[in-house]
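According to this note's numbering, the sequence shown is numbered sequentially starting from 131. The beta-carbon is built from N, C-alpha and C at its ideal position, and this holds for glycine as well.
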Amino acid sequence: MPYIVMIRPTETVPLEVPEAESYADIEAGLRAQVPEGYTLADIRVSQPRGTSYMVGTGTAQKAEIREITVERRDQLQASIPEGWQALSIRPA
131 MPYIVMIRPT
141 ETVPLEVPEA
151 ESYADIEAGL
161 RAQVPEGYTL
171 ADIRVSQPRG
181 TSYMVGTGTA
191 QKAEIREITV
201 ERRDQLQASI
211 PEGWQALSIR
221 PA
């Protein structure tokens, strides 16, 4: 039985806002750094001890998603190109 597999690239780009006053400022700063064709996938916020500012880091991930078809489920791993990962699998 054939299967349809949704895949996406694993490529990511690290982002950083070294100093901000609020979470909203960090989020805006990270979103402004996201390259075209990517989406903001992760935000982490911390406040260094003894400071009044926040530090933010994030990860941008390629936004591209593709669909591939495999004839048998045991062919799944071999069918996914290097640098890609499976998101879902369903019968065709």
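Residue i (DSSP reduced to helix, strand or coil)
i	result
Gln177	coil
Gly162	Checking the sequence, you will find Ala at residue 162 rather than Gly. Helix, per DSSP.
Ala190	strand
Run of the alpha helix (DSSP H) containing residue i, from where it starts to where it stops
i	result
Glu146	No alpha helix (DSSP H) contains Glu146, which is instead part of the beta strand (DSSP E) from Thr142 to Ala150.
Beta-bridge pairing of residue i - partner residues as DSSP gives them
i	result
Met184	Ala150
Leu170	Ala190
Beta-carbon spacing of residue i, residue j below 9 angstroms
i	j	result
Ile170	Thr189	In the sequence on display, residue 170 carries Leu and not Ile. Against a cut-off of 9 angstroms, the Cβ pair of Thr189 and Leu170 comes out as a contact.
Ile137	Ile210	yes
Inter-residue CB distance, residue i and residue j (contact presumed, cutoff 8 angstroms)
i	j	result
Gly186	Gly159	7 angstroms
Glu141	Tyr183	The Cβ separation is near 31 angstroms, so there is no contact.
Pro78	Glu194	Nothing about residue 78 can be read from this structure; the chain reaches only from 131 to 222.
Start-to-end residues for the beta strand (DSSP E) that takes in residue i
i	result
Gln215	Trp214 to Pro221
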